[in-house]
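*Asks:* Sharing a structure here in structure tokens format.
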Amino acid sequence: APKETIKEVKEQEVYMGEIPLMTDTGSFVINGTERVIVSQLHRSPGVFFEHDRGKTHSSGKLLFSARIIPYRGSWLDFEFDPKDFLYFRVDRRRKMPVTILLRAIGMTPEEILATFHDTDTFHLQGEGAQFELVAERLRGEVARFDITTADGRIIVARDKRITSKHIREIDQAGVRTMAVPDDFLLGRVVSTNVADPETGEVLARANDEITEDLLDKFRLAGVTALSTLYINDLDRGGYISQTLRIDETADQWAAKVAIYRMMRPGEPPTEDAVEGLFQGLFYAEERYDLSSVGRMKFNRRAYPEKIDDKAPGWIKRFYERVGAQGEDGPGVLTNDDILAVVGVLVELRNGRGEIDDIDHLGNRRVRSVGELAENQFRAGLVRVERAVKERLSQAESDNLMPHDLINAKPISAAIKEFFGSSQLSQFMDQTN
1 APKETIKEVK EQEVYMGEIP LMTDTGSFVI NGTERVIVSQ LHRSPGVFFE HDRGKTHSSG
61 KLLFSARIIP YRGSWLDFEF DPKDFLYFRV DRRRKMPVTI LLRAIGMTPE EILATFHDTD
121 TFHLQGEGAQ FELVAERLRG EVARFDITTA DGRIIVARDK RITSKHIREI DQAGVRTMAV
181 PDDFLLGRVV STNVADPETG EVLARANDEI TEDLLDKFRL AGVTALSTLY INDLDRGGYI
241 SQTLRIDETA DQWAAKVAIY RMMRPGEPPT EDAVEGLFQG LFYAEERYDL SSVGRMKFNR
301 RAYPEKIDDK APGWIKRFYE RVGAQGEDGP GVLTNDDILA VVGVLVELRN GRGEIDDIDH
361 LGNRRVRSVG ELAENQFRAG LVRVERAVKE RLSQAESDNL MPHDLINAKP ISAAIKEFFG
421 SSQLSQFMDQ TN
């Protein structure tokens, strides 16, 4: 793009309309009558987690959702559906798998899986595999084969449920690895792309399920180490991994195009338009602002002070990487913000954490006169800005003075309307 050069600067004072003065009793005199502006209560900017109280689906299943509300800008919602897929939607438009958003902010499937899941490691052998044991994760599972110590003493017999006592014994016996048969691996999900060590050919992509054919392929190619997602039905759901499966986009660009198509259906996705729209949604300061209150509420909710010891490893890793956020930050969203919200939401679904009470006054804010008038003034200014830009883009825009460009009507109209006929502007009746 050519560097823009400034041709000339003309300065001039321009009349921008008038604004009513407040009397010292806090009222306004509008058209000769005394009026007051009532404060407004609205939902505080920030992030809110809630569930549908089992209303949506006939089974009465709780569907959790999160909503990021900015002071101004697009709302971003995340929600689970009854099948435990996680979706996001922008401004209540149609929902899309959340992994599309994660891809659009530049994450690969491997990174997405690593961010929201812990992994198990296996070392393949000619028959079966060595499983690197994390004893804690076996609790509540049914042993599919004898679990033994190095000298052959059986700790858990086959088909028995593994209890906390067993786990203590396994830890004390110092069992770190365990020989497991092939069928222990089947149905697990690969967490990274697995490539042939010699040719570099990709044998399995991240998030592929392990089948017998796949294991044969791995052995043929000489793959030894395998890392799989640790998922159970109790408190470690594979929600993100499932959602990644229904996500049709191939890469970051495709994801951005998909978001563009949702926001602007029917328009051709040119490169500039797609990038511009995506950046403008949550990352542009002129289009999106959480406000300082919103940022403070957001950080308090999405970046907790201390993390529970029982929390999954991926949560701990995430907060270690992000570090303490404190109360302030940018007014726009960051990629970590999105990840933090999805993380808290997945944990809610896993049964850890509390939802917010929308009616609680801590989640509401008071807008008083100044702020309400300011918002009206901003709306008026935006209109004036558009008019000025349009006027400048016309051909005969040479030797114009500022007052030829600026029409103060929209501003004074907005203010007049606010004080004169807004719901919040009320006639102050004084009964004697």
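Counted from 1, the sequence shown has number 367 at position 367 by our numbering; the numbering is strictly sequential. Backbone N, C-alpha and C fix where the C-beta goes; we use that ideal spot for every residue, glycine too.
1) Spatial neighbours of residue 193 within its chain, please: CB distance less than 6 Å, with the 5 preceding and 5 following residues excluded, ordered by chain position.
2) Which full runs of the beta strand (DSSP E) of 3+ residues lie inside the segment 25-68, going along the chain?
3) Can you tell me the Cβ-Cβ gap for residue 63 and residue 78, rounded? I've got them flagged as a contact below 8 Å.
4) Which whole runs of the beta strand (DSSP E) in the segment 348-427 are 3 residues long or more, in chain order?
5) From what residue to what residue does the beta strand (DSSP E) around residue 179 run?
6) Specify, as a first and last residue, the run of the alpha helix (DSSP H) that residue 11 falls within.
7) Hey, could you find the ends of the alpha helix (DSSP H) residue 98 is sitting in?
8) Label residue 75 either buried or exposed according to how many other C-beta atoms from any shown protein chain fall within 10 Å of its C-beta, with 16 as the threshold for buried.
9) Going along the chain, which residues of its own chain have a beta-carbon closer than 8 Å to the beta-carbon of residue 120, five neighbours each way excluded?
10) Go ahead and label residue 423 buried or exposed: buried means 16 or more other beta carbons lie within 10 angstroms of its beta carbon, across all protein chains shown.
11) Roughly how many angstroms lie between the CA atoms of residue 367 and residue 190, to the nearest whole one?
12) Note down, in chain order, each residue of its chain lying with its Cβ closer than 8 Å to the Cβ of residue 332, except the 5 sequence neighbours on either side.
13) Could you tell me the alpha carbon to alpha carbon distance between residue 392 and residue 259, rounded to whole angstroms?
14) Between the Cα of residue 297 and those of 314, 329, 308, spot the shortest distance and give me the residue it belongs to.
15) Which residues in the same chain as residue 212 place their Cβ atom closer than 8 Å to its Cβ, once the five residues preceding and following it in sequence are excluded?
16) If distances are taken between C-alpha atoms only, which option among 418, 406, 389, 409 comes closest to residue 374?
17) Quick one: what does DSSP say residue 317 is sitting in, helix, strand or coil?
18) Pick out whichever of 379, 91, 123, 89 has its Cα sitting closest to the Cα of residue 222.
19) What's the gap between the Cα of residue 215 and the Cα of residue 129?
20) Let me check understanding here. Comparing Cα to Cα, which of 25, 306, 255 lies closest to residue 277?
*Replies:* Reading from the atomic positions:
1) 202, 205, 206
2) 28-30, 33-37, 40-43, 46-51
3) Not confirmed; about 11 Å, so no contact.
4) 364-367, 425-427
5) 177-180
6) Looking at the DSSP string, residue 11 is not in any alpha helix (DSSP H), and its letter there is neither H nor E.
7) 98-104
8) exposed
9) 131, 132, 134, 137, 188, 227, 228, 229, 230
10) exposed
11) 51 Å
12) 282, 283, 284, 285, 288, 289, 290
13) 33 Å
14) 329
15) 182, 186
16) 418
17) helix
18) 123
19) 11 Å
20) 255
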